[in-house]
Amino acid sequence: MRTALITGITGQDGSHLADLLLDKGYRVAGIVRRSSVDQSERIGHLLNRIEIHQADLLDESSLVKVIDRVRPHELYNLGAMSFVPASWEQPVLTGEFTALGVTRILDAVRIIDPNIRFYQASSSEMFGRVRQVPQTETTPFYPRSPYGVAKAYAHWITVNYRESYDMHASCGILFNHEGPRRGREFVSRKITDAVARIKLGKQQKLELGNLDARRDWGYAGDYVRAMWLMLQQDTPGDYVIASGRQHTVRELCELAFGHVGLDWQQHVVTNTNLLRPAEVDSLLGDASLARETLGWVPEVSFEQLVSMMVDADLVRVRREIAQA
Ligand code: NAP
Ligand code: F7E
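Heads up: the sequence shown begins at 836 in this note's numbering, then just goes up one per residue.
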C-alpha cells in the first residue's frame, strides 16, 4: 500500500487530494497546525479514513518528526498562506509559511528519506505582470504580491533541492482553481455564496473590487489529479496546469447571477477598498506540456464550475435558513 502525506489537508485542495488518494487505495496522512478550534469542515467526511498529525511549516523539527513517523512514499506540500490580499497585511508571516516553510519541509525530507516523492504547490501568481501570453513553464516570473514573491522563492528552492540532492521534487504551476469547498474570501466563492444568499432573500448587495481582472479558472477536483500524475512520472518536472480559457470577474458575475435568473448589475457594487496595491490583471495558462507528458486534461468547464458552485451554495444556504 502506498502512503501519502499532505500538508494543508484542511484546505480546499488538500481535501480533494485526500478524496482522490483514498479512492486509489492509498494510506493518507495529513499535517494540521494546532488550533483551539475544529478545522475539519472540509475533511469531516474523511476523518475515520485518514491519519491526522500535528506539525507546523514554521517548525522544522515538527516536520521531521511527522515524516519519520508516517514514512510516506509521496509528500504533497499544499500548506501555505494562500489569500493574496492578506499577504500585504502579513508579508513577513507569508514569507515564513509560503516561502521558508518549503525549505523547512524539503530539508526534513532530505534528512529522513530523500527518495520520498515531493510535490510543491506553485502558483500562476508567480507570473504576475505577465511577460508572455499564454504563460508556460518557461515564462519568466514577475510576481505582484508578497504571496507571489514567496511562491517564486518556494518554486526555485524546490528546483534547487531537486538538482542539488537528486530528489524527485516537482512543481505544479497551478492557475486559479475553485469549487464548492473554496474559501469564501476568494472571488469565485464570494460571488456564488452571495448569489445564493440574494436569491434566498438573505442579502441585497455584493461588494467587489476589480471587475476587469482576467483569470484562467478551473475546477479543483481536476487540478489535484494533475498533482498526483506528476508524482507518478519516472522523472520529476514542473508543469503549468490551466484550462487555457480566460474570463473576467464581470463575466463570472454575469454567469453566476444568470444561473438563478438574476441580473448581476442590480446587485453588484464596486468598492475601491477592495482594490489591491498591485494587481495581476490577466492570467492565461498553456498546459500543453501536462497534456502531452501527463495525459492531463480538465473535465469540468468554466460554465459547469460556476453552476456547480452556485447550486452547492443554494443547498447550504437553504439548510442554514431551515436550521435557524
Ligand atoms: P487553502 O484552502 O487556503 O488551504 C491552505 C492550507 O494550508 C490549509 O490547510 C491551512 O491550514 C494550511 N496552512 C497554512 N499555514 C500553515 C502552517 N503554518 N503549517 C501547516 N499548514 C498550514 O488553499 P488551497 O486553495 O487549498 O491551495 C493549496 C495550495 O495551493 C496552497 O499552497 C496555495 O497557495 C496553492 N495554490 C492554490 C491555487 C488555487 O487557485 N486554489 C492556485 C495555485 C496555487 P489551516 O486550516 O490551519 O488554515
Ligand atoms: O482574486 C479580483 C481580484 O482572491 C481573483 C489564490 O488561490 O489564485 C488565487 O489568487 C481576482 C483578483 O484569487 C474581488 O482583484 C475583484 O484579480 O479569487 P482571488 P487570486 O488573487 O487570483 C492563485 C492562483 C493563487 O495561487 C492564490 O493562492 O478577482 N477581485 N473583487 C476580487 N478578489 C477577491 N478575493 N475579493 C473581491 O471582492
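Beta carbons are placed, not taken as given, at the ideal position from N, Cα and C, and that holds for glycine.
Helix, strand or coil at residue i according to DSSP, with G and I counted as helix
i: alanine 839; result: strand
i: glutamate 1114; result: coil
i: serine 1142; result: helix
i: isoleucine 947; result: helix
i: alanine 987; result: helix
i: glutamine 874; result: coil
i: glycine 1053; result: strand
i: leucine 1090; result: helix
Residue i beta carbon near the ligand NAP (any heavy atom closer than 7 Å)
i: aspartate 1057; result: no
i: glutamine 925; result: no
i: phenylalanine 932; result: yes
i: histidine 1012; result: yes
i: threonine 993; result: no
i: glycine 1120; result: no
i: glutamine 874; result: yes
Run of the alpha helix (DSSP H) containing residue i, from where it starts to where it stops
i: asparagine 1011; result: It is not in any alpha helix (DSSP H) - asparagine 1011 carries neither H nor E in the DSSP assignment.
i: isoleucine 902; result: 895-905
i: glutamine 847; result: 847-858
i: leucine 928; result: 926-929
Cross-strand partners of residue i (DSSP beta bridge)
i: threonine 1105; result: Leu1043
i: glutamine 970; result: Gly1120
i: glutamate 998; result: Glutamate 998 is not bridged to any residue.
i: valine 1075; result: Ile1008
i: histidine 880; result: For histidine 880, which the question treats as bridged, DSSP gives no partner whatsoever.
i: tyrosine 911; result: Ile841, Tyr954
Any non-hydrogen atom of the ligand F7E within 7 Å of residue i CB
i: lysine 1025; result: yes
i: serine 1078; result: no
i: asparagine 1108; result: no
i: glycine 1044; result: yes
i: alanine 864; result: no
When the options are compared against residue i, the one with the closest alpha-carbon
i: lysine 986; options: Met1002, Ser959, Val965, Arg862; result: Ser959
i: glycine 843; options: Gln955, Arg1151, Gln1158, Ala1147; result: Gln955
i: histidine 851; options: Lys1025, Val968, Met1062; result: Met1062
i: aspartate 1051; options: Ser1117, Glu1138, Leu1110; result: Ser1117
i: arginine 837; options: Tyr1058, Val905, Gly1072, Tyr977; result: Val905
i: phenylalanine 1092; options: His1003, Leu1149, Ile885; result: Leu1149
i: serine 1005; options: Glu886, Glu1020, Ala989; result: Ala989
i: alanine 853; options: Asn950, Gln1038, Ile887; result: Ile887
i: serine 917; options: Thr845, Arg1049, Gly1036; result: Thr845
Residue i - containing beta strand (DSSP E), residue span
i: isoleucine 866; result: 862-867
i: isoleucine 1033; result: Isoleucine 1033 -> not in any beta strand (DSSP E); alpha helix (DSSP H) instead, spanning 1022-1034.
i: tyrosine 977; result: Where tyrosine 977 is concerned, there is no enclosing beta strand (DSSP E), given that its DSSP letter is neither H nor E.
i: phenylalanine 953; result: 952-958
i: glutamine 1067; result: First-last for glutamine 1067: undefined, no H or E at that position.
i: isoleucine 1171; result: One cannot answer for residue 1171 here, as it falls past the ends of the chain, which runs 836 to 1159.
Near the ligand PLP: residue i beta-carbon under 7 Å from a heavy atom
i: phenylalanine 1021; result: The ligand content of the structure shown is limited to the ligand NAP and the ligand F7E, which means the ligand PLP is not among them.
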